[in-house]
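At position 151 of the sequence shown the residue is numbered 151 (full-length UniProt numbering), and the sequence of numbers has no breaks.
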Amino acid sequence: MKIQFLTDNVENYLISVPAEEQTPVKMGMWVRKLVCLVPVQIARAENNAMVALKDGLQIPHDISYVDSVSLANSIRFGFYDVVLNSWKGEIKVISSMGKQSSGKSYLLNHLSGSLLDVAGGRCTDGVWMTITTGENGDGQGDSRYLYVLLDFEGLGSFERSEQEDMLLSVLNAAVSNLTIFNKKDFHLDKDTESAFSRFQNGINLLKQDKKLFKGLFYIAIKDVDTSDIEDLMQEFNEKISQICTKSQENFIIKMYDGKVRDCCYGSL
Numbered sequence: 001m002k003i004q005f006l007t008d009n010v011e012n013y014l015i016s017v018p019a020e021e022q023t024p025v026k027m028g029m030w031v032r033k034l035v036c037l038v039p040v041q042i043a044r045a046e047n048n049a050m051v052a053l054k055d056g057l058q059i060p061h062d063i064s065y066v067d068s069v070s071l072a073n074s075i076r077f078g079f080y081d082v083v084l085n086s087w088k089g090e091i092k093v094i095s096s097m098g099k100q101s102s103g104k105s106y107l108l109n110h111l112s113g114s115l116l117d118v119a120g121g122r123c124t125d126g127v128w129m130t131i132t133t134g135e136n137g138d139g140q141g142d143s144r145y146l147y148v149l150l151d152f153e154g155l156g157s158f159e160r161s162e163q164e165d166m167l168l169s170v171l172n173a174a175v176s177n178l179t180i181f182n183k184k185d186f187h188l189d190k191d192t193e194s195a196f197s198r199f200q201n202g203i204n205l206l207k208q209d210k211k212l213f214k215g216l217f218y219i220a221i222k223d224v225d226t227s228d229i230e231d232l233m234q235e236f237n238e239k240i241s242q243i244c245t246k247s248q249e250n251f252i253i254k255m256y257d258g259k260v261r262d263c264c265y266g267s268l
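Written as structure tokens, this is what we have:
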């Protein structure tokens with residue numbers, strides 16, 4: 001049996017066998033899932049700046065760029081480039097944000113079957129990317145959507161300045177179709193208000209771009225006692241509404257086009 005990898009289109013059969021031995025299984029789907037088992041780091045926040053990476057590493061000094069367009073042309077995502085460039089359907093970006101050690105990576109893994117690193121302490125550094133596809137009831141891949149999953153470093157850690165937190169939140173809002181803000185309880189404590197304040201500071205960096213900042217801000221509240229859900233949800237929604245009505249310059253309107261939802265769930 002001879003295996004031949006065709007990097008121009010992973011949806012084709014990636015195996016060359018005699019005609020009588022061919023099966024209906026698409027090796028492209030299998031290879032895609034194999035490649036997507038290993039997340040790649042795509043950016044870091046350091047020295048009060050956002051640093052883009054190439055193939056998970058620092059961009060070599062011999063590669064020069066003078067503007068955002070030339071920088072974008074220099075960025076590579078390793079094997080993920082093959083998957084992204086060959087995909088014919090729609091691409092949706094789902095990201096996670098929240099306080100450090102709030103279970104962001106675990107939630108993404110639970111929802112998508114990804115293998116993002118999880119630990120009791122700080123384990124996500126910068127922004128990590130992986131890819132998955134939806135599945136139909138028969139277990140076959142859903143060819144309509146490719147989901148790019150972005151796991152962002154936790155906010156409010158000692159290792160990051162407020163400027164770096166703000167840059168991470170702006171990048172998240174700019175590229176995500178869905179931002180899952182993971183939270184442990186219904187209370188808008190000082191840490192959460194501080195995180196929202198850093199989001200607010202990012203408004204000054206926004207430029208009008210019709211393709212960016214169109215996602216949904218989805219607040220996922222974990223480990224909730226089901227007996228108090230209705231009353232607590234009403235109280236929490238009132239607090240979010242206050243943020244939206246204080247000013248037209250709030251981060252929910254500017255960074256998420258005014259789209260916010262929330263939900264709660266018990267222990268996973």
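Note that the Cβ used here is the ideal one computed from N, Cα and C, for glycine as well.
This one's a predicted model, so the numbers in the text were calculated from it and none came from an experiment.
Could you please give the first and the last residue of the uninterrupted alpha helix (DSSP H) stretch that includes residue 244? Run containing residue 244: 229-246, per the alpha helix (DSSP H) assignment.
Is DSSP giving residue 104 helix, strand or coil here? Helix, per DSSP.
Residue 32 in three-state terms, based on DSSP: helix
Using DSSP with H/G/I as helix, E/B as strand and the rest coil, what is residue 262? strand
Of all the options 237, 108, 248, 247, which has the alpha carbon lying nearest to the alpha carbon of residue 260? 237
Closer than 8 angstroms by C-beta to residue 176: which residues in its own chain qualify, once you throw out the five before and the five after it? Chain order, please. Here the set comprises 93, 94, 95, 150, 215.
Got a sec? Which residues, its chain only, sit under 7 angstroms from residue 75 by beta carbon, not counting five neighbours each side? These residues qualify, in order along the chain: 52, 54.
Length-filtered (4 minimum) alpha helix (DSSP H) runs lying within the stretch 155-212: 162-175, 190-201
Exposed unless 16 or more other CB atoms sit within 10 angstroms - verdict on residue 133: Taking all protein chains in view, the Cβ of residue 133 is crowded by 16 or more other Cβ atoms within 10 Å, so the residue is classified as buried.
Which of the three DSSP states, helix, strand or coil, is assigned to residue 68? Shown here, residue 68 sits in a helix according to DSSP, grouped into three states.
Do residue 88 and residue 154 count as a contact pair if the criterion is CB distance below 7 angstroms? no
Less than 8 angstroms between the CB atoms is what I'm expecting for residue 219 and residue 183, so what's the real figure, rounded? 6 angstroms
Hey, residue 126 and residue 44 are a contact pair by Cβ (cut 8 angstroms); roughly how many whole angstroms apart? 4 angstroms
What span of residues does the alpha helix (DSSP H) with residue 86 cover, start to end? Where residue 86 is concerned, the enclosing alpha helix (DSSP H) starts and stops at 80-86.
So, is residue 165 buried or exposed, given that buried needs 16 or more other C-beta atoms within 10 angstroms? buried
Does DSSP classify residue 94 as helix, strand or coil? strand
By the three-class DSSP mapping on this structure, what secondary structure does residue 111 have? helix
I'd like the list of long-range same chain contacts for residue 244, defined as Cβ closer than 8 angstroms, with 5 residues on each side in sequence excluded. Close CB contacts of residue 244 within its chain, under the 8 angstroms cut and outside five residues either way in sequence, are with 250, 252, 253, 258, 260 (chain order).
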